[in-house]
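Chemist:
Protein chains: 2
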Amino acid sequence: MRLSQLFTKTLRELPKDEKSINAQLLIRGGFIRKLMAGVYTFLPLGWQVHKKIEEIIREEMNKIGGQEIFMPTLNPRKAWEITNRWKYPEMFKLKSRQNKDYSLGWTHEEIVVPLAKEFLRTHRDLPFYVYQIQNKFRDELRVKSGLLRGVEFMMKDLYSFHRDEKDLDNYYDKVKKAYFKIFKRCGLEKITYLCLASGGTFSQYSHEFQTITPFGEDEIYLCQKCKLAINREIIKREKNKCSQCGNKNLVVKKSIEVGNIFKLMDRFSRPFDLTFINKEGKKKTVLMGCYGIGLGRLMGAIVETSNDEKGIIWPAEVSPYQIHLIQIENNIKIKKFSEKLYQDLQKANIEVLYDDRNNKTAGEKFADADLVGIPYRLVVSERTSIKNCIEIKKRNENIIKLAKIKSIIQQINS
Amino acid sequence: MRLSQLFTKTLRELPKDEKSINAQLLIRGGFIRKLMAGVYTFLPLGWQVHKKIEEIIREEMNKIGGQEIFMPTLNPRKAWEITNRWKYPEMFKLKSRQNKDYSLGWTHEEIVVPLAKEFLRTHRDLPFYVYQIQNKFRDELRVKSGLLRGVEFMMKDLYSFHRDEKDLDNYYDKVKKAYFKIFKRCGLEKITYLCLASGGTFSQYSHEFQTITPFGEDEIYLCQKCKLAINREIIKREKNKCSQCGNKNLVVKKSIEVGNIFKLMDRFSRPFDLTFINKEGKKKTVLMGCYGIGLGRLMGAIVETSNDEKGIIWPAEVSPYQIHLIQIENNIKIKKFSEKLYQDLQKANIEVLYDDRNNKTAGEKFADADLVGIPYRLVVSERTSIKNCIEIKKRNENIIKLAKIKSIIQQINS
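Structure follows, in structure tokens:
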């Protein structure tokens with residue numbers, strides 16, 4: 116992508132109505148724009164990041180047998196009355212011209228369970244795992260944290276269906292591992308903890324994945340021995356000690372919930388009578404798990420935890436481009452050299468954001484590169500092109516090196 | 116994908132509440148399920164097709180300089196009042212708990228124009244082209260054609276911004292060509308016509324892309340000389356003759372509108388005062404075009420026009436998988452042979468749907484393969500595996516051939 120053609124621009128000033136770091140940096144860098152409270156447009160750079168996160172999640176879900184579907188946003192009232200959740204205050208409701216009642220989906224148990232019922236007959240049909248990546252809606256009263264708490268937000272929701280609790284437990288552990296792989300690929304591995312949370316009426320615990328950051332909305336109690344976190348609700352119940360080892364020296368940290376997993380047991384299969392015939396010919400109720408990740412929130416959490424005073428520092432796998440190529444002199448020779456480099460890098464399957472703008476100073480271009488936060492910055496200038504070299508600098512380091520194009524391609528693709 | 120693990124199943128019976136061919140075949144084949152009138156869930160096979168169509172459209176939009184963004188579904192009332200479209204009867208409206216008025220987006224001029232205004236300053240910023248692929252909502256009173264007319268449906272909407280009419284005309288022609296490429300890749304090339312439609316108050320014509328099929332909701336007047344179609348509104352205005360050559364021998368055909376393109380001129384840029392400073396330093400209003408394709412409708416049109424009494428016949432590029440592999444005997448030798456073939460094909464980057472089910476007869480498996488409609492069917496049996504061969508049959512031909520795996524891989528990848 117050529118910056119001369121990108122229709123968005125970076126901003127020098129802080130957006131006045133945004134207090135969170137993620138919204139400030141993402142708006143200044145030209146990744147998102149606020150339409151109204153809790154509702155954002157994703158611009159080309161931001162949508163590029165969002166799609167990378169989407170693809171990471173899709174890959175890891177497919178690896179654990181997830182089958183991707185797409186359920187409707189518009190939900191019928193009847194389904195939500197069956198589970199007694201039509202009254203849920205955060206759920207948007209609307210009427211059609213023919214006076215039909217709809218809600219906007221914020222989770223999809225009420226749709227996926229009747230869907231599973233259409234196909235499920237015997238124990239041989241179990242287990243199976245179904246997920247979607249879809250826009251969700253919540254009528255939030257307080258929205259102040261940019262992408263961390265949205266009224267409209269993209270979510271991955273996975274639902275698993277099992278014969279018995281052992282099989283559910285087994286898959287639940289698989290999802291835990293898949294989630295840590297996702298957070299690792301998003302650069303959040305070292306600061307993300309498994310966190311005990313309430314399991315509702317059916318399970319002792321559910322689990323959250325909490326990423327530590329000073330501006331998080333949540334508070335967790337961290338057991339350094341077990342590397343386990345405990346949320347506020349559970350820590351009260353367990354009288355301020357680690358649920359696993361009894362340790363009372365817990366460290367309190369602010370954090371962002373980047374994912375959650377929940378054993379639903381028969382909470383939703385029972386009201387819809389989702390059953391199967393077991394090996395002994397008996398009718399049994401299916402047990403379920405559900406597993407969520409908010410894509411926008413994950414993107415916000417990455418920005419909150421990976422930045423400096425100059426801008427964002429994207430982890431490699433979620434960066435909108437792999438290389439930010441800058442041409443700092445506008446003479447024909449340098450232009451030609453840069454153009455060729457741009458083409459060669461693309462031929463080597465490297466994604467390049469190419470700052471080919473004629474009306475910007477070198478200083479402005481460097482500032483934009485730091486703000487946008489792509490892992491590698493390449494600078495083409497008269498001085499270095501004579502040696503057939505390019506300046507290369509990592510976003511998270513201060514060392515500038517000279518390199519030939521071949522070794523750059525090797526480094527990026529390694 | 117192994118059919119033994121796919122959570123959906125095909126249906127023998129016709130769904131009672133569906134009259135259209137596309138809904139009947141897509142439901143029977145396990146591609147979609149109806150949640151309520153005009154609202155469908157996409158199942159794994161259907162979502163696979165949908166993603167293929169999405170990727171084709173994305174590629175062709177990127178080739179003509181389209182920059183992908185993602186705008187919100189929730190739209191503020193104010194934006195729609197500025198263009199005097201808040202009263203639009205097909206638009207869903209809802210209120211938040213804090214009594215804010217939202218609508219659900221069915222098109223996005225009201226969002227994209229103020230967005231463009233944030234970045235646009237001078238003629239040097241023009242032209243640019245912005246698109247999204249997004250769920251849309253329309254409060255339709257009559258929905259009876261499966262995916263052809265939805266209450267909720269995925270759409271690609273592209274918006275172009277120009278200095279003058281010449282530049283708009285130029286890009287408008289580019290989009291026309293890109294659209295025909297998309298329809299060609301979707302197998303609709305030979306039956307899809309450019310069709311003159313009303314241009315509103317600002318342009319003489321807009322254009323639709325109409326695919327001919329006996330069960331289409333539209334009616335077009337086809338000039339065989341010009342290979343041009345004219346819609347009902349225009350043909351009345353032009354007194355039953357071809358707008359281009361004056362030919363009065365027009366053929367009337369039923370059709371489905373699979374895309375439309377429209378010169379908006381300043382219809383939306385004027386109310387939002389979207390202007391730029393031209394080369395002479397004067398303030399000018401931006402001219403715009405908009406260009407839509409409904410993804411679900413396109414999928415429905417493919418099924419309507421590409422099927423036989425046994426089921427769907429997917430064009431290669433949009434097929435959920437490239438090969439439908441069937442193992443018709445359950446002995447260990449054949450199982451081993453099929454498993455190895457399944458792995459080898461996947462290693463060669465071929466997408467395979469593998470019917471490894473033990474509890475189905477060969478006849479049932481063949482019937483499912485014909486219903487699901489993947490271009491190539493491979494059958495592994497004792498008789499042929501002795502010769503280290505596989506039976507290969509194209510979905511749209513009746514000839515069964517014997518082939519070695521190498522030549523199959525060559526044929527698919529060519």
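Chains as they are written, first to last, in the working numbering: chain A, 116 to 529; chain B, 116 to 529.
Built from N, CA and C at the ideal position, the CB exists for glycine as well.
Once DSSP output is grouped into helix, strand and coil, what is the label at residue 391/A?
Modeler: For this step, residue 391/A is matched to residue 276 along the first sequence. DSSP places residue 391/A in strand when its eight states are reduced to three.
Chemist: Against residue 162/A, what residues of chain B qualify as contacts under a CB-to-CB distance less than 7 angstroms, listed in chain order?
Modeler: Reading the first sequence from its first residue, position 47 is the one you call residue 162/A. Under the 7 angstroms cutoff, chain B gives 183, 184, 185.
Chemist: Who are the neighbours of residue 226/B on chain A, taking C-beta pairs under 9 angstroms?
Modeler: If you number the second sequence from 1, residue 226/B lands on position 111. Those within 9 angstroms of residue 226/B in chain A are 150, 156.
Chemist: Helix, strand or coil for residue 307/B? Go by DSSP, reduced to three states.
Modeler: In the second sequence, counting from the first residue as 1, residue 307/B sits at position 192. Here residue 307/B sits in strand by DSSP.
Chemist: Which of the three DSSP states, helix, strand or coil, is assigned to residue 284/B?
Modeler: Here residue 284/B refers to the residue found at position 169 of the second sequence. Of the three classes helix, strand and coil, the one that applies to residue 284/B here is helix, per DSSP.
Chemist: For residue 186/A and residue 525/A, what's the separation of their Cα atoms in angstroms?
Modeler: In the first sequence, the residue the question calls residue 186/A occupies position 71. In the first sequence, the residue the question calls residue 525/A occupies position 410. Whole-angstrom Cα-Cα distance: 42 angstroms.
Chemist: Determine the chain A residues that contact residue 233/B at a beta-carbon separation under 8 angstroms, and present them in chain order.
Modeler: As a position in the second sequence, residue 233/B is number 118, starting the count at 1. Ordered by position in chain A, the residues that pass the 8 angstroms Cβ test against residue 233/B are 148.
Chemist: Sorted by chain position, which residues of the same chain lie with C-beta nearer than 7 angstroms to residue 148/B's C-beta, five sequence neighbours on each side aside?
Modeler: Counting from one through the second sequence, the residue named residue 148/B turns up at place 33. Contacts found: 142, 155, 156, 158.
Chemist: Who are residue 161/B's beta bridge partners in DSSP?
Modeler: Reading the second sequence from its first residue, position 46 is the one you call residue 161/B. Paired residues: none, contrary to the question.
Chemist: Should the segment 350 to 370 of chain B be regarded as contacting the segment 396 to 406 of chain B, the criterion being three or more beta carbon pairs within less than 8 angstroms?
Modeler: Counting Cβ pairs under 8 angstroms, fewer than three are found: no touch.
Chemist: Going by DSSP in three states, residue 409/A sits in which element: helix, strand or coil?
Modeler: Reading the first sequence from its first residue, position 294 is the one you call residue 409/A. Note: residue 409/A maps to strand in three-state DSSP.
Chemist: Taking Cβ positions, are residue 428/B and residue 488/B nearer each other than 7 angstroms?
Modeler: For the purposes of this step, residue 428/B is taken as the residue at position 313 of the second sequence. For the purposes of this step, residue 488/B is taken as the residue at position 373 of the second sequence. Contact: yes.
Chemist: Where do the ends of the alpha helix (DSSP H) carrying residue 208/A lie?
Modeler: Counting from one through the first sequence, the residue named residue 208/A turns up at place 93. From DSSP, residue 208/A is part of no alpha helix (DSSP H) but of the beta strand (DSSP E) over 208 to 210.
Chemist: Should residue 458/A go down as buried or exposed, given a rule of 16 or more other Cβ atoms within 10 Å for buried?
Modeler: Walking along the first sequence from the start, residue 458/A turns up at place 343. Residue 458/A comes out exposed.
Chemist: Should residue 481/B go down as buried or exposed, given a rule of 16 or more other Cβ atoms within 10 Å for buried?
Modeler: Along the second sequence, one-based indexing puts residue 481/B at 366. With 16 or more Cβ atoms within 10 Å of its Cβ, residue 481/B is classed as buried.
Chemist: Taking only runs of the beta strand (DSSP E) that begin and end inside the segment 167 to 238 of chain A, which ones reach a length of at least 3 residues, in chain order?
Modeler: Runs of the beta strand (DSSP E) inside the segment 167 to 238 of chain A: 189 to 191, 208 to 210, 216 to 219.
Chemist: Residue 216/B touches chain A at which residues, Cβ-Cβ below 7 angstroms?
Modeler: Within the second sequence, numbered from 1, the residue matching residue 216/B stands at position 101. Correct list: empty, because the minimum Cβ distance to chain A is about 11 angstroms.
Chemist: Please work out which residues of its chain come closer than 6 angstroms, Cβ to Cβ, to residue 374/A, disregarding the five sequence neighbours upstream and downstream, and give them in chain order.
Modeler: The residue you call residue 374/A lines up with position 259 of the first sequence. So the list reads 294, 324, 408, once near-sequence residues are dropped.
Chemist: Note down the Cα distance separating residue 392/B from residue 275/B, rounded to an integer number of angstroms.
Modeler: Taking the second sequence and counting its residues from 1, one reaches residue 392/B at position 277. Taking the second sequence and counting its residues from 1, one reaches residue 275/B at position 160. Near 18 angstroms, if we compare the C-alpha coordinates of residue 275/B and residue 392/B.
Chemist: Here's a check: name, in chain order, each residue in its chain whose Cβ is nearer than 6 angstroms to the Cβ of residue 219/A, leaving out the five neighbours to either side.
Modeler: Looking up residue 219/A in the first sequence gives position 104. Hits under 6 angstroms: 188, 207, 252.
Chemist: Against residue 230/A, what residues of chain B qualify as contacts under a CB-to-CB distance less than 7 angstroms, listed in chain order?
Modeler: As a first step, residue 230/A must be located in the first sequence, where it is residue number 115. Those are 148, 156, listed as they occur along chain B.
Chemist: Would you verify that the beta carbon of residue 267/B is, or is not, closer than 7 angstroms to some beta carbon of chain A?
Modeler: On the second sequence, residue 267/B is found 152 positions in, with the first residue counted as 1. Closer than 7 angstroms: yes.
Chemist: Does the beta carbon of residue 124/B sit closer than 7 angstroms to a beta carbon anywhere in chain A?
Modeler: Here residue 124/B refers to the residue found at position 9 of the second sequence. Yes - at least one Cβ of chain A is within 7 angstroms of the one on residue 124/B.
Chemist: How many Å lie between residue 213/A and residue 461/A at the Cα?
Modeler: Here the question's residue 213/A lines up with position 98 in the first sequence. Here the question's residue 461/A lines up with position 346 in the first sequence. Rounded to the nearest angstrom, the two C-alpha atoms are 53 angstroms apart.
Chemist: Taking the straight line between their C-alpha atoms, what separation do you get for residue 160/B and residue 435/B?
Modeler: What you label residue 160/B is simply residue 45 of the second sequence in a count that begins at 1. What you label residue 435/B is simply residue 320 of the second sequence in a count that begins at 1. Between residue 160/B and residue 435/B, the C-alpha separation is close to 6 angstroms.
Chemist: Quick one: does the C-beta of residue 445/B sit closer than 6 angstroms to a heavy atom of the ligand NAD?
Modeler: Within the structure as shown, the ligand NAD is missing, as the structure has no ligands at all.
Chemist: Hey, out of 116/B, 164/B, 499/B, 136/B, whose CA is closest to residue 414/B's CA?
Modeler: Mapped onto the second sequence, residue 414/B falls at position 299. Comparing Cα positions, the closest option is 164/B.
Chemist: Which runs of the alpha helix (DSSP H) at least 4 residues long sit entirely within the segment 307 to 368 of chain A? Give them in chain order.
Modeler: Listed in chain order, the complete alpha helix (DSSP H) runs (minimum 4 residues) inside the segment 307 to 368 of chain A are 347 to 352.
Chemist: Three Cβ pairs or more, each shorter than 8 angstroms: is that satisfied between the segment 221 to 236 of chain B and the segment 260 to 278 of chain B?
Modeler: With the cut-off at 8 angstroms, the segment 221 to 236 of chain B and the segment 260 to 278 of chain B touch.
Chemist: Quick check on residue 514/A: buried or exposed, where buried means 16 or more other Cβ atoms within 10 Å of its Cβ?
Modeler: Counted from its first residue, the first sequence places residue 514/A at position 399. Exposed is the call here.
Chemist: Rounded to whole angstroms, what's the CA-CA distance from residue 497/A to residue 474/A? Just pull it up for me.
Modeler: By one-based count along the first sequence, residue 497/A stands at place 382. By one-based count along the first sequence, residue 474/A stands at place 359. Cα-Cα distance, rounded: 18 angstroms.
Chemist: Ordered along the chain, which non-local residues of its own chain (more than five positions away) have a Cβ less than 6 angstroms from that of residue 138/B?
Modeler: Position 23 of the second sequence, counted from the first residue, corresponds to residue 138/B. The residues are 261.
Chemist: Would you be able to state if there are at least three C-beta pairs under 8 angstroms between the segment 239 to 249 of chain A and the segment 193 to 209 of chain A?
Modeler: With a cut-off of 8 angstroms, the segment 239 to 249 of chain A and the segment 193 to 209 of chain A do not count as touching, because too few Cβ pairs lie within range.
Chemist: Let's test the definition: count the other Cβ atoms within 10 Å of the Cβ of residue 254/A and tell me whether it reaches 16, buried, or not, exposed.
Modeler: The residue labelled residue 254/A in the question sits at position 139 within the first sequence. Residue 254/A comes out buried.
Chemist: Buried or exposed: residue 352/A, going by 16 or more other Cβ atoms within 10 Å of its Cβ?
Modeler: Your numbering for residue 352/A matches position 237 in the first sequence. Its Cβ having fewer than 16 others within 10 Å, residue 352/A is exposed.
Chemist: Please report the distance separating the alpha-carbon of residue 509/A from that of residue 426/A.
Modeler: The residue given as residue 509/A occupies position 394 in the first sequence. The residue given as residue 426/A occupies position 311 in the first sequence. When rounded, the distance between both Cα atoms is 14 angstroms.
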